[in-house]
Every structure is written in C-alpha cells, then in structure tokens.
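Below is one structure; the comments refer to it alone.
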Amino acid sequence: MASEYNHKQLGVIRLQRRAGCRRISVSVGRGGRITVTYPWYVLRRTALAFVEQKAEWIMAARKRAQQADQKPHISEGYRTRNHTLRVVYNATKNGWKISEEFVVVSLKSGIEVDSAQGQEVIRTALIETLRDEAQTVVPAMTERLAQQHGLRYNGLTIKNIRSKWGSCSAVNHLNFSLYLMLLPDDLVEMVVLHELCHTVHKNHSAEFHALLDRLCGGREKALSKRLRYYRTTL
Ligand SMILES: [Zn+2]
C-alpha cells in the first residue's frame, strides 16, 4: 500500500506500508526520489516523525543522488586511451575483463547498462582499465624524461587520486593519478615534468617554474591553461 505526502522541506515523499517489513527505513533513489517503507503495524504519523528525525541525512543523500545523476552515462563503445568498452548482458555475476583491445563488462541479468548499478560496474571497470594503461604509459615516460633531462627520482606509484594529477615526496618518490590517462600525451608529459622538477625544487618558486618551462620547451603556460579543462573523473 503506497501513498504520498508533501513535506514542506523535502517535497513529495512516497510512503510504503509493507507486510513482512520490520522497521522504518528511508531510501533516496535516482533523481532524489524519497521513499519511506514501514511495517503494517506502524502508524503513518510515526513513519513521518521518523522522516523528520532523518531530514538532514535525507537532504544530504538526495544531493549526492542528484549529483550522481549529473555524471554522463557511459555506454558501449566508450573509448579510453587503448581500450573500447563492450557490454555482455545476462551474465551470472557482474564483472569485467581487460584484454589488449577491449574492456568487457558483464552485467547480471536484470541490470541495464543505463541503471545506477550498471553504470557503477562500468565506472569501476574503466578505472581499473585506466590504472592498467597508466602502468604501461607513465613509468616508461617518466624514465625517458628523467634520463633526457638528467633528473633522478626514487620510484613511482600510480594511484586512484582525484585531488591532483601527481605529487613528489620529500624523498623524491613520485605519485601519479590514473586519471592522467584521460589527457593527451603532451599534457601527461607536462605533469610528469612538473613532478620531476620537484626533485630539484620542493616548491612552486620562480626557479621551479623557470626550470619546468625550459623542460616544456617554453610551453608551460599554454599547457597549464589546457590542463584546467580536464577533470580527474569519468
Ligand atoms: Zn607542484
């Protein structure tokens, strides 16, 4: 049995009274739709009091759901640097396999590619694909650029970092974001050179920028400007 209630702050709430249900729960679905499910023996006003109690949590959850909805849907044929996305339906379980050319995502029966769950499996698979690609591209590029410019570093790690493209530790260990694989080569090179320059200057002083600009062939400003349009997200 379902009914609706128009909440002052939260808008329309769907109330679902269910046999077999043992406690009151609130869920926020796609698009921020709020549903309260409660046992048959609980009064409607008790269920609504529960909503009141949880109002703050509901608003935060709804904001997250709405933001998640704004992420573009990824569909079959999506291309990363070296892989094309293929989707297999009606699999026994969700999963993925990365081959040389394809990333093949399997979705359990009943899970559509455009559903929140389908998109989540795809995003996870693509993140692992970017990680694989970064492992192939970034260490070799870093080694080449370090040798070319006579710079030294102590190891390198590829991580799922979203707050920055890369970093350089006090002992010159370099960290790079796997999202670098969303950038064209010249921008990846600039990020690698940026971190390599930190092995010489541990700051963003004028000397640091002079060195980086020289190693970028005088293009640091132009490359940085382009980099601003890229995001560490899928
Ligand atoms: Zn820096």
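Those letters in the sequence shown? Residues 4 to 237, by this note's numbering.
Just so it is clear, CB atoms sit at the ideal spot from N, CA and C, and this is done for glycine as well.
Check: Among all residues, which have a Cβ less than 6 Å from at least one non-hydrogen atom of ligand 1, and in what chain order do they fall?; Outcome: His197, His201 and His207
Check: Thinking C-alpha only, which one of Ile130, Leu177, Cys171 and Leu183 is nearest valine 140?; Outcome: Leu183
Check: Once you ignore the five residues that flank alanine 94 on each side, which residues in its own chain have a CB closer than 8 Å to its CB?; Outcome: Ser109, Leu110, Lys111 and Ser112
Check: At which residue ranges does the region 24 to 75 contain complete alpha helix (DSSP H) runs of 4 or more residues, listed in the order of the chain?; Outcome: 47 to 56 and 58 to 73
Check: Any idea if tryptophan 168 is buried or exposed, counting beta-carbon neighbours within 10 angstroms, 16 or more meaning buried?; Outcome: buried
Check: Three-state secondary structure (DSSP) at glutamine 12?; Outcome: coil
Check: For glutamate 3, which of helix, strand or coil comes out of DSSP?; Outcome: The structure shown does not extend to residue 3, since the chain is modelled only from 4 to 237, so the question has no answer here.
Check: If you drop the 5 nearest sequence neighbours on each side, which residues of the same chain put their C-beta closer than 7 Å to that of arginine 25?; Outcome: Pro42
Check: Quick one: what does DSSP say arginine 89 is sitting in, helix, strand or coil?; Outcome: strand
Check: Quick check on the DSSP output: the beta strand (DSSP E) that includes valine 106 runs from which residue to which?; Outcome: 105 to 111
Check: My understanding is that histidine 201 touches glutamate 210, with C-beta atoms under 8 Å, so please give their C-beta distance in whole angstroms.; Outcome: Contact doesn't hold; Cβ gap of about 12 Å is too wide.
Check: Three-state secondary structure (DSSP) at glycine 121?; Outcome: helix
Check: Starting from lysine 100, follow the beta strand (DSSP E) in both directions and report where the run begins and ends.; Outcome: 98 to 101
Check: Identify whether isoleucine 114 lies in helix, strand or coil by the three-state DSSP scheme.; Outcome: coil
Check: Given glutamate 136, which residues of its chain have a CB within under 7 Å of its CB, disregarding the five upstream and five downstream residues?; Outcome: Thr83, Arg84, Asn85 and Met184
Check: What does asparagine 18 pair with, by DSSP beta-bridge criteria?; Outcome: In the sequence on display, residue 18 carries leucine and not asparagine. Leucine 18 is bridged to Ser6 and Val39.
Check: Quick one: what's got a C-beta closer than 6 Å to arginine 89's C-beta in the same chain, skipping five residues either side?; Outcome: Phe105 and Val107
Check: Let me know the secondary structure DSSP gives serine 208 once reduced to three states.; Outcome: coil
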